[in-house]
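Asker: Shown below is the structure under consideration.
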Amino acid sequence: MSQMPSSTSSFSLRLAAFLGTILVAACLLEIYCRTSRRFDGGDQFIYVRTIAATRSANTVLGDSHVGLSPMIDGYAFLGWAGQQPQELLNLVHFLYDNRQPGKVIVEAAPQWVGEYHKGRQLLLTAANLQPPVSVFGVHMLSLTPLYSGSLFKFLIADLTSLTRFVSPSKAQPLPVNTAQADQYAREWSRKRDAGGDAFNWTEMERDKREVLTLARLHGQNPIRDFESSSLLRDYVAAIRFLQQRGAQVCLFRTPVTADYSQLGRQMPEGRFDAFDRWIRQFAGAQRIRFVDFHELPLDFDDTRFLNQDHVTAAHARAMWPLVDKACFGG
Amino acid sequence: MLFSSYTFLLFLPLAIAALAVATWFGQRALFVTFIALSLVFYGWFRVDYTLILIVSAAVNFYLAARLERTASQSVFWLGVIFNVGLLAVFKYADFLVWNFDVIFRQQIALPHIALPLALSFITFEQISFLSDVRAKKAQKGDFLRYLVFVTFFPKLIAGPIIRFREMAPQLAQAGVRQKEQILTGLCIFCFGLFKKVMIADNLALVVDPTVIRLQEGLVRPLDAFTALLAYSGQIFFDFSAYSEMALGIAWMLGIQLPVNFNSPYKATSIIEFWRRWHITLSSFLRDYIYFPLGGSRLGAIRTVANLLIVMLIGGLWHGAAWTFVAWGFVHGVALVANHQIRQLHIVQRAGNHWAFRLGAWALSMTIVLAAWALFRSPDFATSGRWLLSIVSKADNILETTGPSDRWLVAISTLWALLLPNIPRIFRIEPDRDAIDWTAPPGIPLPPLWVSAAAALALVASLIGMARNEPNAFIYFQF
Chain A
145 MSQMPSSTSS FSLRLAAFLG TILVAACLLE IYCRTSRRFD GGDQFIYVRT
195 IAATRSANTV LGDSHVGLSP MIDGYAFLGW AGQQPQELLN LVHFLYDNRQ
245 PGKVIVEAAP QWVGEYHKGR QLLLTAANLQ PPVSVFGVHM LSLTPLYSGS
295 LFKFLIADLT SLTRFVSPSK AQPLPVNTAQ ADQYAREWSR KRDAGGDAFN
345 WTEMERDKRE VLTLARLHGQ NPIRDFESSS LLRDYVAAIR FLQQRGAQVC
395 LFRTPVTADY SQLGRQMPEG RFDAFDRWIR QFAGAQRIRF VDFHELPLDF
445 DDTRFLNQDH VTAAHARAMW PLVDKACFGG
Chain B
19 MLFSSYTFLL FLPLAIAALA VATWFGQRAL FVTFIALSLV FYGWFRVDYT
69 LILIVSAAVN FYLAARLERT ASQSVFWLGV IFNVGLLAVF KYADFLVWNF
119 DVIFRQQIAL PHIALPLALS FITFEQISFL SDVRAKKAQK GDFLRYLVFV
169 TFFPKLIAGP IIRFREMAPQ LAQAGVRQKE QILTGLCIFC FGLFKKVMIA
219 DNLALVVDPT VIRLQEGLVR PLDAFTALLA YSGQIFFDFS AYSEMALGIA
269 WMLGIQLPVN FNSPYKATSI IEFWRRWHIT LSSFLRDYIY FPLGGSRLGA
319 IRTVANLLIV MLIGGLWHGA AWTFVAWGFV HGVALVANHQ IRQLHIVQRA
369 GNHWAFRLGA WALSMTIVLA AWALFRSPDF ATSGRWLLSI VSKADNILET
419 TGPSDRWLVA ISTLWALLLP NIPRIFRIEP DRDAIDWTAP PGIPLPPLWV
469 SAAAALALVA SLIGMARNEP NAFIYFQF
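Line by line, the protein sequences are chains A and B. For the first sequence, my numbering gives the first residue as 145, with consecutive numbering after it. For the second sequence, my numbering gives the first residue as 19, with consecutive numbering after it.
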């Protein structure tokens with residue numbers, strides 16, 4: 145084999161360039177992770193940090209209908225928009241593998257097995273819930289799955305101000321399925337931002353509410369053969385795990401508007417009723433208390449909702465203690 | 019062990035250190051260390067399959083010994099049957115049984131035998147070895163040397179498909195001998211790692227949701243096209259990354275491997291595409307199947323038939339499914355058409371005009387892209403929907419790709435089309451036939467900026483690797 149023409153100095157120079165670049169780049173990226181405000185602003189970072197900081201034995205687990213703001217004394221609320229059953233399973237293991245659970249309310253809504261989960265990325269992977277990697281005693285945030293997943297997107301966005309890099313493309317809290325619904329969804333966002341706490345669903349015109357509700361139903365419709373799906377398997381596995389760990393489990397069907405319920409029943413290929421039957425049978429067979437929002441002594445007319453399936457913050461504050469009471473008495 | 023895993027990044031320096039020590043103790047110690055490390059690397063996936071590797075190598079070496087003495091046709095074909103038979107059992111058993119069931123309306127259960135990694139690659143390598151020994155182009159040497167060739171871990175799992183006569187002469191000088199080789203090899207490896215972790219694995223996240231949806235129905239035209247471009251980028255960056263990582267690691271250990279990719283998407287014809295894509299496979303198909311079948315020497319009809327046979331075999335080699343056969347057939351037909359068209363007078367006259375070349379490039383890439391839909395889809399229905407979605411008006415459905423996905427696809431496509439490739443950056447001869455493998459030219463130290471860029475690629479890749487479990491390379495399944 146031919147020998148490579150090179151002097152020692154040219155080799156040393158290249159080696160220095162190689163090692164020096166590694167050192168400088170690694171330090172700069174780590175500093176960026178620690179100082180960039182983007183990592184403070186992202187909901188997913190707050191969510192994962194909240195999970196890591198959770199010490200409460202009592203929890204309410206679900207998706208955006210649960211959220212992160214505690215609404216019942218003594219409970220941690222751990223819900224993330226579009227959370228998937230596999231994430232729920234990872235979450236209960238993270239929370240209760242080494243800790244005794246207390247009272248756990250789990251959302252029992254059809255979107256756990258909804259169409260919109262197909263192809264979505266998971267936020268709560270086992271890796272994302274791990275503590276940071278330590279290099280020579282320093283916790284390297286840039287080498288944690290959560291930070292590394294967003295680091296380059298944020299960096300590019302900062303360098304070029306192309307903020308659209310940052311906008312999530314797949315885990316939207318409000319999936320829309322038509323150009324019209326997209327337009328109405330933007331209008332809804334504007335009105336909600338402008339209206340603040342006083343905003344409610346009736347401030348959108350009735351026909352627009354219907355379009356948005358249909359769009360949401362399309363995404364949340366349980367997939368075909370959901371009974372045999374991995375989504376439902378993970379959901380069941382999470383609940384069984386909680387039971388095995390000695391938790392008092394309660395399933396709660398979160399509120400939706402009357403339009404949502406009615407259009408869901410009329411929807412071709414709609415499987416909302418099928419899911420409702422399944423969850424009730426499952427709860428019965430497992431001897432788990434199941435609470436439907438209709439059972440609560442509260443009104444659920446459209447003025448109580450922010451959108452098709454999320455109640456206003458004020459109504460949520462009133463509702464959750466009643467859910468606790470309906471689930472566990474007292 | 020995956021090249022793009024932290025485990026391998028720990029294994030590699032240990033392997034280099036072990037080989038550096040072994041180099042000191044002489045050739046035999048070096049060969050034993052090579053084999054031991056390769057078996058650890060391979061056994062990391064599944065220990066018992068290392069036995070298949072060793073037995074297969076031993077049988078082929080025995081047959082080569084017989085061939086060296088007699089050049090017997092029957093011994094050679096026995097070797098081919100043994101190698102292809104092994105592949106048939108492990109790779110094609112399900113496919114064969116499934117087709118038998120369908121044709122004869124039987125219900126024989128599928129055996130579901132797990133395919134040992136690398137089997138497709140070493141099958142071709144060992145057939146080329148037997149063929150070269152029979153043709154007196156290679157001498158079998160001793161078994162230890164042959165086992166190093168078969169198990170050599172940088173190229174073991176997914177190629178490049180090398181020939182014994184290319185590697186054997188280099189083994190005399192192999193080992194960890196020059197610090198320049200380690201740095202150069204490391205730089206090549208870093209670029210490959212970046213292509214895999216930061217580009218191919220991210221493109222996979224664009225492709226997969228769309229393909230999942232396509233299994234049930236149409237997707238939006240924009241999503242279908244984005245996903246198709248994304249997959250063409252994913253498979254290119256994934257596989258070329260593996261080949262380049264292999265090239266870099268091998269060079270650290272004193273072995274030069276042939277180049278496997280030479281900017282295939284810059285090709286202006288299907289013929290040229292196959293001279294740039296998976297070069298070591300296409301040259302195997304050319305030298306060990308197409309030429310022995312008669313090549314283009316036996317008239318127009320035989321040439322067409324030979325091209326189609328070669329590409330059908332090439333398609334089936336990739337996977338045990340009719341979609342792969344169809345993919346090979348599409349490329350076979352395109353090659354036949356390409357050979358016919360380039361003989362036309364008007365084509366020969368206009369061939370160098372930029373507008374003609376642009377048109378030829380667009381046509382060639384359209385065929386390549388459309389064929390990728392077959393390659394990626396689990397069935398014909400999905401690939402049909404994929405292509406149909408591109409030209410349909412199905413807008414009233416959930417979107418599967420977003421703006422950031424399209425940015426990634428655009429950047430990766432521009433990279434594949436415009437940036438210089440690894441052979442050019444590192445001044446490596448891309449034409450394996452132009453290299454004298456008894457004294458290969460080697461790979462010179464890269465320029466200073468390349469060293470710095472490789473370091474950046476490494477840092478970015480290490481961070482990228484932290485996101486998830488490492489993804490297997492696409493070609494591992496073949």
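Just so it is clear, CB atoms sit at the ideal spot from N, CA and C, and this is done for glycine as well.
Would glutamate 198 (chain B) be called buried (16 or more neighbouring beta carbons within 10 Å of its own) or exposed?
Answerer: Buried, since its Cβ has 16 or more Cβ neighbours within 10 Å.
Asker: Are the C-beta of alanine 476 (chain B) and some C-beta of chain A separated by less than 9 Å?
Answerer: Checking the sequence, you will find leucine at residue 476 (chain B) rather than alanine. For leucine 476 (chain B), the answer is yes, since a Cβ of chain A falls inside 9 Å of its Cβ.
Asker: Closer than 9 Å, Cβ to Cβ, to anything on chain A: give me those residues from the stretch 234-249 of chain B, in chain order.
Answerer: Hits within the stretch, in order: Glu234.
Asker: Run through chain B and tell me which residues come within less than 8 Å of leucine 273 (chain A), C-beta to C-beta.
Answerer: Ordered by position in chain B, no residue passes the 8 Å Cβ test against leucine 273 (chain A), which lies about 13 Å from the chain.
Asker: The alpha helix (DSSP H) that contains glycine 206 (chain A), what's its start and end?
Answerer: From DSSP, glycine 206 (chain A) is part of no alpha helix (DSSP H) but of the beta strand (DSSP E) over 202-206.
Asker: So which residues on chain A does alanine 218 (chain B) lean against when the C-beta distance must stay under 8 Å?
Answerer: Going along chain A, no residue has its Cβ under 8 Å from alanine 218 (chain B), so there is no contact; the nearest lies around 15 Å.
Asker: In this structure, what does DSSP give as the bridge partners for tyrosine 219 (chain A)?
Answerer: According to DSSP, which records beta bridges pairwise, tyrosine 219 (chain A) is partnered with A:Asn202.
Asker: Report the rounded CA-to-CA distance for threonine 400 (chain B) versus alanine 186 (chain B), giving the unit in angstroms.
Answerer: One C-alpha to the other measures close to 45 Å.
Asker: Assign leucine 135 (chain B) to one of two classes, buried (16 or more other C-beta atoms within 10 Å of its C-beta) or exposed (fewer than that).
Answerer: It is buried - the Cβ of leucine 135 (chain B) has at least 16 other Cβ atoms within 10 Å.
Asker: Mind checking if leucine 440 (chain A) is an interface residue toward chain B, Cβ cutoff 9 Å exclusive?
Answerer: No, no contact with chain B.
Asker: Would you list the one or two residues that DSSP bridges to proline 366 (chain A)?
Answerer: Its beta-bridge partners are A:Gly258.
Asker: Name, please, each residue of chain B whose Cβ falls closer than 9 Å to the Cβ of glutamine 198 (chain A).
Answerer: The question names glutamine, but residue 198 (chain A) in the sequence shown is threonine. Neighbours of threonine 198 (chain A) on chain B: none; closest Cβ ~23 Å, over 9 Å.
Asker: Check whether the stretch 419-433 of chain B touches the stretch 318-331 of chain B, counting contact only when three or more Cβ pairs, one atom from each stretch, lie closer than 8 Å.
Answerer: They do not touch, by the three-pair rule.
Asker: Would you list, in chain order, the members of the stretch 184-204 of chain B that have their beta-carbon closer than 8 Å to a beta-carbon of chain A?
Answerer: The stretch 184-204 of chain B vs chain A, Cβ under 8 Å: Gln188, Gln191, Gln196, Lys197, Glu198, Gln199, Leu201, Thr202, Leu204.
Asker: Tell me where the beta strand (DSSP E) around lysine 247 (chain A) begins and ends.
Answerer: 247-251 is the span of the beta strand (DSSP E), which, as asked, contains lysine 247 (chain A).
Asker: Are there any heavy atoms of the ligand ADP lying less than 8 Å away from the beta-carbon of methionine 215 (chain A), as far as the coordinates show?
Answerer: The ligand ADP is absent from the structure shown, which contains no ligands of any kind.
Asker: Taking C-beta pairs closer than 7 Å, name the residues in chain A that alanine 472 (chain B) reaches, listed in chain order.
Answerer: The answer, in chain order, is Phe162.
Asker: Alpha carbons only, please: which of A:Phe189, A:Leu295, A:Thr447, A:Thr398 is nearest the one belonging to leucine 423 (chain A)?
Answerer: Going by the sequence as given, residue 423 (chain A) is isoleucine instead of leucine. It is A:Thr398.
Asker: Using a Cβ-Cβ cutoff of less than 6 Å, which residues in the same chain neighbour lysine 352 (chain A) once the five nearest sequence positions on both sides are dropped?
Answerer: If we look at lysine 352 (chain A) and ignore the five residues flanking it on each side, its Cβ neighbours are Tyr328.
Asker: Just verifying my parser: in three-state terms, what is the DSSP assignment at glutamine 392 (chain A)?
Answerer: Strand.
Asker: Can you give me the Cβ contacts of arginine 461 (chain A) inside the same chain, cut-off strictly under 7 Å, excluding the 5 residues immediately before and after it?
Answerer: Same-chain partners within the cutoff: Met215.
Asker: Who are the near neighbours of isoleucine 461 (chain B) in its chain, counting only those whose CB is closer than 6 Å to its CB and skipping five residues on each side?
Answerer: For isoleucine 461 (chain B), where only same-chain residues beyond five positions count, the Cβ hits under 6 Å are Thr202, Trp269, Phe444, Ile446.
Asker: Using DSSP's beta-bridge definition, name the partner residues of phenylalanine 449 (chain A).
Answerer: Phenylalanine 449 (chain A) is bridged to A:Val455.
Asker: For aspartate 436 (chain A), which of helix, strand or coil comes out of DSSP?
Answerer: Three-state result, aspartate 436 (chain A): strand.
Asker: Over the uninterrupted alpha helix (DSSP H) stretch that includes valine 93 (chain B), give me the two end residues.
Answerer: Valine 93 (chain B) -> alpha helix (DSSP H) spans 91-109.
Asker: So the alpha helix (DSSP H) glutamine 125 (chain B) belongs to, where does it begin and stop?
Answerer: No alpha helix (DSSP H) contains glutamine 125 (chain B), which DSSP labels as neither H nor E.
Asker: Starting from leucine 239 (chain A), follow the alpha helix (DSSP H) in both directions and report where the run begins and ends.
Answerer: Note, leucine 239 (chain A): alpha helix (DSSP H), 229-240.
Asker: Identify whether arginine 397 (chain A) lies in helix, strand or coil by the three-state DSSP scheme.
Answerer: Note: arginine 397 (chain A) maps to strand in three-state DSSP.
Asker: Assuming alanine 378 (chain B) and threonine 286 (chain B) are in contact, meaning their beta carbons sit under 8 Å apart, how far apart are those beta carbons, in whole angstroms?
Answerer: Yes, alanine 378 (chain B) and threonine 286 (chain B) are in contact; Cβ-Cβ is about 5 Å, under 8 Å.
Asker: Going along the chain, which residues of its own chain have a beta-carbon closer than 7 Å to the beta-carbon of glycine 61 (chain B), five neighbours each way excluded?
Answerer: Correct list, in chain order: Thr68.
Asker: Would you say isoleucine 481 (chain B) reaches chain A, if we count a Cβ-Cβ gap shorter than 9 Å as a contact?
Answerer: Answer yes: the Cβ-Cβ gap between isoleucine 481 (chain B) and chain A drops below 9 Å somewhere.
Asker: Excluding the five sequence neighbours on either side, which residues of its own chain have a C-beta within less than 7 Å of the C-beta of phenylalanine 437 (chain A), listed in chain order?
Answerer: The residues are Arg397, Thr398, Pro399, Phe444.
Asker: Chain A beta carbons: is any one of them nearer than 9 Å to that of arginine 422 (chain B)?
Answerer: It should be pointed out that residue 422 (chain B) corresponds to serine in this sequence rather than to arginine. Closer than 9 Å to some Cβ of chain A, the Cβ of serine 422 (chain B) qualifies, so yes.
Asker: Nearest by alpha-carbon distance to lysine 213 (chain B): which of B:Ser90, B:Ala484, B:Ala475, B:Ile481 is it?
Answerer: For lysine 213 (chain B), the nearest C-alpha among the options comes from B:Ala475.
Asker: Under DSSP, the alpha helix (DSSP H) around asparagine 78 (chain B) begins and ends at which residues?
Answerer: Note, asparagine 78 (chain B): alpha helix (DSSP H), 67-88.
Asker: What is the DSSP secondary structure of methionine 348 (chain A), counted as helix, strand or coil?
Answerer: Methionine 348 (chain A) falls in the coil class under three-state DSSP.
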